[in-house]
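Student: Note that our numbering gives residue 428 to position 99 of the sequence shown, counting from 1, and the numbers run on in steps of one.
This is the structure I have questions about; it appears just below.
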Amino acid sequence: EIGDAGTAAIAAALRTIATSETEESSASKNVLERLDLSACGIGNAGAEALALAIEDGCGARILDLSNNQLQDEGVAALGRAIALADGDTVRVLDLSNNEVGVAGCTALMVAIGKGRLQEVRLRSCHIHADGAEIIGKGLRSIILQKTVPALDVE
Numbered sequence: 330e331i332g333d334a335g336t337a338a339i340a341a342a343l344r345t346i347a348t349s350e351t352e353e354s355s356a357s358k359n360v361l362e363r364l365d366l367s368a369c370g371i372g373n374a375g376a377e378a379l380a381l382a383i384e385d386g387c388g389a390r391i392l393d394l395s396n397n398q399l400q401d402e403g404v405a406a407l408g409r410a411i412a413l414a415d416g417d418t419v420r421v422l423d424l425s426n427n428e429v430g431v432a433g434c435t436a437l438m439v440a441i442g443k444g445r446l447q448e449v450r451l452r453s454c455h456i457h458a459d460g461a462e463i464i465g466k467g468l469r470s471i472i473l474q475k476t477v478p479a480l481d482v483e
């Protein structure tokens, strides 16, 4: 199990690689096309470490964090980071089988509203009525602006 410590090490490596690549060229800092960290025992601390890398504009376009131990705090950190990221960032985010609450739903809807996320998977995330209401309100405002991204909340 990679866990939070291993995830923090991966995030630090992504930031280091992206920093050295950026110094050598003006190319995008995004290091990977896909990063699959599903079922790795990652909790909020690991999500927050990844959020730092994402906010710096490095990481992966497709990020799979399904089947971990993320809770609302970690999901919110990821959503905020994606919304604030420099340059190209996560476009597809799979958070299936984690706990997503109001703060996480809010942060994800902000990231979607800014056109950052094209697809979000929230299967079996135990989203309650208040979180679903936030998603609904967010989608209504997004529909008025542009095309709606894929959102899976089965």
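Backbone N, C-alpha and C define an ideal beta-carbon position, used for all residues, glycine too.
Since the model is a prediction, treat every value here as computed from it, not as a measurement.
With a 10 Å radius around its C-beta and 16 neighbouring C-beta atoms as the bar for buried, classify GLU330 as buried or exposed.
Tutor: exposed
Student: Along the beta strand (DSSP E) that carries ASP423, what are the first and last residues, could you check?
Tutor: Looking at the DSSP string, the run of the beta strand (DSSP E) that includes ASP423 is 421-423.
Student: Reducing DSSP to helix, strand and coil, say where VAL449 ends up.
Tutor: strand
Student: Check each candidate in LYS466, GLN400, SER395, LEU379 and name the one with the smallest Cα separation from GLU428.
Tutor: Here the closest residue by C-alpha is GLN400.
Student: Should THR435 be labelled buried (16 or more other beta-carbon atoms within 10 Å of its own) or exposed?
Tutor: buried
Student: Tell me the rounded alpha-carbon separation between ALA342 and ALA405.
Tutor: 22 Å
Student: Of the residues VAL449, GLY403, ARG445, ARG409, which one's Cα is nearest the Cα of SER425?
Tutor: Minimum Cα distance to SER425 is reached at VAL449.
Student: Taking the C-alpha atoms as reference points, what is the distance between ASN396 and ASP423?
Tutor: 9 Å
Student: Excluding the 5 residues preceding and the 5 following GLU384 in the sequence, name in chain order all residues of the same chain whose CB lies nearer than 6 Å to its CB.
Tutor: Around GLU384, the same chain offers ALA410, LEU413, ALA414 as residues with beta carbons nearer than 6 Å, after the five sequence neighbours per side are excluded.
Student: Opposite LEU392 in the DSSP bridges: which residues?
Tutor: LEU364, LEU422
Student: Sort ILE463, ALA458, LEU366 by Cα distance to GLY335 and report the nearest one.
Tutor: LEU366
Student: I need the DSSP call for GLY335, collapsed to helix, strand or coil.
Tutor: In the three-state scheme derived from DSSP, where H, G and I count as helix and E and B as strand, GLY335 is classed as helix.
Student: Let's see if you can read the secondary structure: which residues bound the alpha helix (DSSP H) around ILE383?
Tutor: 373-384
Student: Can you tell me where the alpha helix (DSSP H) holding VAL404 begins and where it ends?
Tutor: Per DSSP, VAL404 belongs to the alpha helix (DSSP H) from 401-413.
Student: Count the other CB atoms within 10 Å of the CB of ALA337; is the residue buried (16 or more) or exposed (fewer)?
Tutor: buried
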